[in-house]
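Everything in the sequence shown is counted per my numbering, starting at 829 for the first residue and increasing by one.
C-beta: ideal position from N, C-alpha, C; glycine also.
In what follows, a structure is listed as C-alpha coordinates, so that the remarks can point back to it.
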Amino acid sequence: MEGFFDAGPMDSFPRGRGRVVLVEGVRVAVFNLDHGWYALKDACPHMGSSLAEGRLRGHRVTCRWHAWSFDLATGESDSKRKACARVYELRAEEGRIWLKPPPPPGQPPQEEDDDWMSADPETWFR
(Lines of atoms letter the chains of each structure in order from A and count residues from 1; the text may use other names and numbers.)
(Lines give C-alpha, C1' and ligand atoms only; values in the text may rest on other atoms or scores of the structure.)
Protein backbone atom coordinates (compact mmCIF):
# COMPACT_ATOMS: atom_id res chain seq x y z
CA MET A 1 0.00 0.00 0.00
CA GLU A 2 1.70 3.11 -1.24
CA GLY A 3 2.25 5.79 1.38
CA PHE A 4 1.12 3.58 4.27
CA PHE A 5 3.27 2.46 7.19
CA ASP A 6 2.87 -0.85 9.01
CA ALA A 7 1.88 0.02 12.61
CA GLY A 8 1.77 -3.59 13.79
CA PRO A 9 -0.55 -6.55 14.22
CA MET A 10 -4.20 -5.77 14.99
CA ASP A 11 -4.16 -7.91 18.12
CA SER A 12 -1.43 -5.72 19.65
CA PHE A 13 -3.90 -2.83 20.00
CA PRO A 14 -6.08 -3.29 23.10
CA ARG A 15 -9.80 -2.75 22.57
CA GLY A 16 -11.24 0.36 24.16
CA ARG A 17 -7.93 2.19 24.62
CA GLY A 18 -5.39 4.24 22.74
CA ARG A 19 -1.91 2.97 21.95
CA VAL A 20 1.00 5.04 20.64
CA VAL A 21 3.06 4.03 17.61
CA LEU A 22 5.76 5.98 15.77
CA VAL A 23 5.24 6.88 12.11
CA GLU A 24 8.19 8.69 10.55
CA GLY A 25 9.27 9.78 14.03
CA VAL A 26 5.82 11.18 14.93
CA ARG A 27 3.79 9.77 17.84
CA VAL A 28 0.41 8.56 16.58
CA ALA A 29 -2.46 7.46 18.87
CA VAL A 30 -4.28 4.42 17.47
CA PHE A 31 -7.70 3.61 18.94
CA ASN A 32 -9.32 0.16 18.65
CA LEU A 33 -12.97 0.71 19.54
CA ASP A 34 -16.13 -1.37 19.20
CA HIS A 35 -17.33 0.93 16.41
CA GLY A 36 -14.05 1.09 14.46
CA TRP A 37 -10.38 2.01 14.26
CA TYR A 38 -9.05 5.57 14.46
CA ALA A 39 -5.67 7.30 14.41
CA LEU A 40 -4.74 10.83 15.49
CA LYS A 41 -1.45 12.57 16.07
CA ASP A 42 -0.74 11.87 19.75
CA ALA A 43 -0.64 15.52 20.77
CA CYS A 44 -3.51 17.74 21.78
CA PRO A 45 -3.18 20.90 19.65
CA HIS A 46 -3.70 23.01 22.77
CA MET A 47 -0.61 22.08 24.81
CA GLY A 48 0.64 18.76 23.43
CA SER A 49 -0.79 16.30 25.97
CA SER A 50 -1.05 12.66 24.85
CA LEU A 51 -4.43 11.91 23.28
CA ALA A 52 -3.78 8.16 23.59
CA GLU A 53 -4.10 8.68 27.35
CA GLY A 54 -7.29 10.73 26.98
CA ARG A 55 -10.77 9.72 28.08
CA LEU A 56 -12.83 7.94 25.41
CA ARG A 57 -16.57 8.42 25.11
CA GLY A 58 -18.42 7.40 21.99
CA HIS A 59 -16.62 8.82 18.96
CA ARG A 60 -14.62 11.38 20.96
CA VAL A 61 -11.37 11.54 22.93
CA THR A 62 -10.92 14.16 25.65
CA CYS A 63 -7.51 15.51 26.58
CA ARG A 64 -6.55 14.86 30.20
CA TRP A 65 -4.93 18.26 30.76
CA HIS A 66 -7.60 20.81 29.83
CA ALA A 67 -10.58 18.71 28.66
CA TRP A 68 -10.45 19.65 24.99
CA SER A 69 -12.46 17.01 23.12
CA PHE A 70 -11.88 15.76 19.56
CA ASP A 71 -13.92 13.70 17.11
CA LEU A 72 -11.91 10.55 16.40
CA ALA A 73 -12.93 10.41 12.72
CA THR A 74 -12.50 14.08 11.76
CA GLY A 75 -10.21 15.50 14.46
CA GLU A 76 -12.61 18.42 14.97
CA SER A 77 -12.70 19.99 18.42
CA ASP A 78 -15.77 20.93 20.41
CA SER A 79 -13.95 23.92 21.87
CA LYS A 80 -14.70 27.50 20.88
CA ARG A 81 -11.26 27.68 19.32
CA LYS A 82 -10.79 26.43 15.78
CA ALA A 83 -8.45 23.58 16.66
CA CYS A 84 -8.28 20.14 15.12
CA ALA A 85 -6.27 17.05 15.94
CA ARG A 86 -4.38 15.69 12.92
CA VAL A 87 -6.09 12.56 11.56
CA TYR A 88 -4.15 9.69 9.99
CA GLU A 89 -5.75 7.50 7.36
CA LEU A 90 -5.99 3.98 8.79
CA ARG A 91 -6.54 0.62 7.15
CA ALA A 92 -7.01 -2.64 9.01
CA GLU A 93 -6.04 -5.33 6.49
CA GLU A 94 -4.46 -8.77 6.54
CA GLY A 95 -4.40 -8.74 10.35
CA ARG A 96 -2.30 -5.56 10.49
CA ILE A 97 -2.84 -1.83 11.01
CA TRP A 98 -1.59 0.48 8.26
CA LEU A 99 -1.29 4.25 8.72
CA LYS A 100 -0.89 7.01 6.16
CA PRO A 101 0.28 10.44 7.36
CA PRO A 102 -1.82 13.46 6.40
CA PRO A 103 -0.34 15.99 3.99
CA PRO A 104 1.84 18.67 5.58
CA PRO A 105 -0.17 21.57 6.99
CA GLY A 106 0.02 25.04 5.55
CA GLN A 107 0.24 28.32 7.33
CA PRO A 108 -2.95 29.79 8.79
CA PRO A 109 -4.79 32.49 6.85
CA GLN A 110 -3.35 35.94 7.42
CA GLU A 111 -6.13 38.28 8.43
CA GLU A 112 -5.68 41.43 10.46
CA ASP A 113 -8.22 40.49 13.13
CA ASP A 114 -6.99 36.92 13.62
CA ASP A 115 -4.85 35.94 16.57
CA TRP A 116 -3.47 32.53 15.59
CA MET A 117 -1.54 30.42 18.10
CA SER A 118 0.47 27.25 17.69
CA ALA A 119 1.41 24.46 20.10
CA ASP A 120 3.74 23.06 17.45
CA PRO A 121 4.67 23.89 13.84
CA GLU A 122 1.87 21.66 12.49
CA THR A 123 -1.03 22.96 14.54
CA TRP A 124 -2.68 26.38 14.44
CA PHE A 125 -5.75 27.60 16.28
CA ARG A 126 -7.38 30.84 17.38
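**Study point:** Rounded Cβ spacing between valine 854 and valine 848 (contact assumed at less than 8 Å)
**Key:** No, valine 854 and valine 848 are not in contact; Cβ-Cβ is about 10 Å, not under 8 Å.
Point to revise | Cβ shell of alanine 880 (< 7 Å), same chain only, five flanking positions each side left out | key: Once the five neighbours on either side are set aside, the close Cβ partners of alanine 880 are Gly846, Arg847, Val848, Ala857 and Asp870.
Exercise for review: Spatial neighbours of serine 877 within its chain, please: CB distance less than 7 Å, with the 5 preceding and 5 following residues excluded, ordered by chain position.
Suggested key: Take serine 877, set aside five residues on each side of it, and the residues of its chain with a beta-carbon closer than 7 Å to its own are Cys891, Arg892 and Trp893, in chain order.
Exercise for review: Following the continuous beta strand (DSSP E) through proline 873, name the residue where it begins and the one where it ends.
Suggested key: Counting along the chain, proline 873 falls outside any beta strand (DSSP E), and DSSP gives it neither H nor E.
Exercise for review: Determine the DSSP secondary structure at aspartate 839, reduced to helix, strand or coil.
Suggested key: In the structure shown, aspartate 839 sits in a helix (DSSP, three-state: H, G or I).
Review point. Which residue's Cα is closest to the Cα of proline 932: Arg843, Ile925, Ala920 and Val915?
Key: Nearest C-alpha to proline 932: Val915.
Check your understanding: Does the distance from the C-beta atom of leucine 868 to that of glycine 844 stay below 8 Å?
Key -> Not a contact, by the Cβ cut-off of 8 Å.
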